[in-house]
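Trainee: Sharing a structure below in C-alpha cells format, with a few things to ask.
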Amino acid sequence: MTVLEITIRVLLILTLLSVLLFILFLFFFIKTAKEVKFVEKKRSKNTKRKRQLARKRKQLRIEKKRMKRRTILFMVLATLFLGGSQFVSYYQSMTLSKEDEDVIVKSYFLLNDFDQQLENAKTESESKDKIDGNIRYLAGAITSYGANKASDLNTEEGQLALNRYYKAMLDIGTNAMRMTTGIYGNEEIASDYQADIKRARVYQKKVFELYKVDESALKKSKSNS
Numbered sequence: 344m345t346v347l348e349i350t351i352r353v354l355l356i357l358t359l360l361s362v363l364l365f366i367l368f369l370f371f372f373i374k375t376a377k378e379v380k381f382v383e384k385k386r387s388k389n390t391k392r393k394r395q396l397a398r399k400r401k402q403l404r405i406e407k408k409r410m411k412r413r414t415i416l417f418m419v420l421a422t423l424f425l426g427g428s429q430f431v432s433y434y435q436s437m438t439l440s441k442e443d444e445d446v447i448v449k450s451y452f453l454l455n456d457f458d459q460q461l462e463n464a465k466t467e468s469e470s471k472d473k474i475d476g477n478i479r480y481l482a483g484a485i486t487s488y489g490a491n492k493a494s495d496l497n498t499e500e501g502q503l504a505l506n507r508y509y510k511a512m513l514d515i516g517t518n519a520m521r522m523t524t525g526i527y528g529n530e531e532i533a534s535d536y537q538a539d540i541k542r543a544r545v546y547q548k549k550v551f552e553l554y555k556v557d558e559s560a561l562k563k564s565k566s567n568s
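So the sequence shown is numbered by our numbering: it starts at 344 and just counts up by one.
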C-alpha cells in the first residue's frame, strides 16, 4: 500500500468520525435548545425556585453554545477531511504509480535500444551472434514489462492509455522472441518491427502527455548515465 493510499484511508476514516461526531453534537444541540425553551417558559413565584430556574437557564444557554460550536467544528472538519481525501484521490489518479512509472521509464529505453539493434541487424554492422543475443534479451525484457496492467487507481482514461501501451509492447516482445534468429540481415522483417515500435510510441506519447512525463529529461538522464 502506497503512502497516498494510506493517506486517503486515514482521511476517509477521519471524515467518517467527524460526520458521526457532527451528528452526535447536532443531536445534543437540538436537545439542549428544546430544554432551554422549556425552562424559559417556566415561571415561579417562589424566590428560591426562581433562582434555580435562572441558574438552570444560564447553564443550558452555555451548554447550547458549546454544543453549537462543537457541531460547527465537526461539520467543518468533516468537510475539510472529505475535500482532502478527494484531492489526494484525484492527485493519485493523475499521477503514475511507482510500478507504472518504473515500467514507463525502463520501457522507453528498451524500445530505443531495440530499435537500434534492429537497425544494426538490417545493416549487419555487428556480428550475428551479438545482435541476436541483444535482440533476444531486449525482446524478453519488453515482453516482461508489457505483461503489466495499469493500476486501477488511475483514471479510466489513464488505465486505457497505459494498457494500450503495455499491450503494444507485449506484442512486440512476444513476436520478436519467436524470430530472434531470423531478423539479422533481413531488412523487411527488421523494418516491420520498427514499424511496430513506431506504433507503440504513439501510445507512449499519449501516456507522456497524460501524465506530464518529460521526454527530454529521460534523454538527458540517459546521456548522463
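Note that CB positions come from ideal geometry on N, CA and C, so glycine has one too.
Identify whether Ser468 lies in helix, strand or coil by the three-state DSSP scheme.
Mentor: Here Ser468 sits in coil by DSSP.
Trainee: Please classify Val556: does DSSP put it in a helix, a strand, or coil?
Mentor: It is coil, neither helix nor strand.
Trainee: Would you identify the three-state DSSP class for Lys492, choosing helix, strand or coil?
Mentor: Residue state, collapsed to three classes: coil.
Trainee: Can you give me the C-alpha to C-alpha distance between Asn477 and Ser450, rounded to a whole angstrom?
Mentor: Their Cα atoms are separated by approximately 15 Å.
Trainee: Report the three-state DSSP secondary structure of Asn299 (helix, strand or coil).
Mentor: A question about residue 299 goes unanswered here, because the residues of the chain that appear run from 344 up to 568.
Trainee: Pull up the distance between the alpha-carbon of Val545 and that of Asp539, whole angstroms please.
Mentor: Between Val545 and Asp539, the C-alpha separation is close to 10 Å.
Trainee: From Leu360 to Lys401, what does the alpha carbon distance come to, in whole angstroms?
Mentor: Straight-line Cα distance between these residues: approximately 31 Å.
Trainee: Can we count Gln429 as close to the ligand ATP, meaning its CB is less than 7 Å from some heavy atom?
Mentor: Summarising the ligand content, the structure contains no ligands, and the ligand ATP is consequently not present.
Trainee: If we ignore side chains and look at the alpha-carbon of each, how far apart do Leu354 and Ser428 end up?
Mentor: The alpha-carbon atoms of Leu354 and Ser428 are separated by roughly 5 Å.
Trainee: Helix, strand or coil for Thr422? Go by DSSP, reduced to three states.
Mentor: If DSSP states are grouped into helix, strand and coil, Thr422 belongs with the helices.
Trainee: From this set, Arg352, Lys411 and Tyr527, which residue's C-alpha is nearest Ile366's C-alpha?
Mentor: It is Lys411.
Trainee: Put Leu439 into one of helix, strand or coil per three-state DSSP.
Mentor: Coil at Leu439, not helix or strand.
Trainee: Does Val550 pass the burial test, meaning 16 or more other C-beta atoms within 10 Å, or should it be called exposed?
Mentor: With 16 or more Cβ atoms within 10 Å of its Cβ, Val550 is classed as buried.
Trainee: Give a yes or no on contact between the segment 518–535 and the segment 475–492, applying the rule of three or more CB pairs nearer than 8 Å.
Mentor: A contact exists between the segment 518–535 and the segment 475–492.
Trainee: Is the separation between the beta-carbon of Ala519 and that of Leu553 shorter than 8 Å?
Mentor: No; because the gap between Cβ atoms is not below 8 Å, this pair is not in contact.
Trainee: What's the C-alpha gap between Tyr433 and Ser440?
Mentor: Each residue's Cα considered, the two are about 13 Å apart.
Trainee: At the level of alpha carbons, what is the spacing between Ala561 and Ile515?
Mentor: Sequence check: residue 561 is Leu here, not Ala. Each residue's alpha carbon lies about 22 Å from the other.
Trainee: Can you find the residues in the same chain that come closer than 8 Å, C-beta to C-beta, to Val431, ignoring five residues on each side of it along the sequence?
Mentor: Same-chain partners within the cutoff: Leu347, Thr350, Ile351 and Leu354.
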